[in-house]
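See below for the structure under consideration.
Next up, the structure:
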């Protein structure tokens, strides 16, 4: 059965790292997949209004996931901070398969330690955004389940794989 997995959560919770680990495990098990960091599909500035930018992001997502599925991918792994149900519904609406959503949880102190002295201004912004997301409960409630990512990434990835029913 074709399935997509979105790993979401506040900035700095390890979404991309978990998806990278899952992708490697699927590859090692010779199981077809496509992995996508959602941030890259929406990282542009063309002077558009927010709604227009979202439409470009969704078109990018539809194209990339469609290409992966056309090439034979039976699993899609998505990493991205999704703020609300409307954003999730928009993502779900362009995917060519059912979507399961995992939200990673990590205390702010661990996020700040993980991001450390950010080497880029973007990562410094992530630290500020994480504090805002956590204090306002942004993104909470859109998930199917949660996992606390306070252990090695490999263990969190395995727990998620088990939850998805993937024998990897």
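In the numbering used here, the protein residues as written are 61 to 228. Virtual Cβ for every residue (Gly too), placed ideally from N, Cα, C. Predicted, not measured: the structure shown is a model, and the values here were computed from it.
Look at residue 163 here: in three-state DSSP terms it is strand. A direct Cα-to-Cα measurement between residue 202 and residue 63 gives close to 17 Å.
Around the beta carbon of residue 193, 16 or more other beta carbons lie within 10 angstroms, which makes this residue buried. Around the beta carbon of residue 108, fewer than 16 other beta carbons sit within 10 angstroms, so the residue counts as exposed.
Per DSSP, residue 108 is not a residue of any alpha helix (DSSP H), being assigned neither H nor E. The three-state secondary structure of residue 155, taken from DSSP, is coil. With respect to the 8 Å criterion, residue 165 and residue 68 are not classified as neighbours on the basis of their beta carbons.
Around residue 154, the same chain offers 118, 121, 122 as residues with beta carbons nearer than 6 Å, after the five sequence neighbours per side are excluded. Nearest to residue 169 by alpha-carbon distance, out of 65, 70, 66, is 70.
Inter-residue distance for residue 205 and residue 173 is about 25 Å (C-alpha atoms, whole angstroms).
In this structure, residue 135 places its C-beta atom within 8 Å of the C-beta atom of residue 91. The Cβ atoms of residue 85 and residue 217 sit closer than 8 Å to each other. For residue 175, the closest C-alpha among the options 160, 88, 191 is that of 191.
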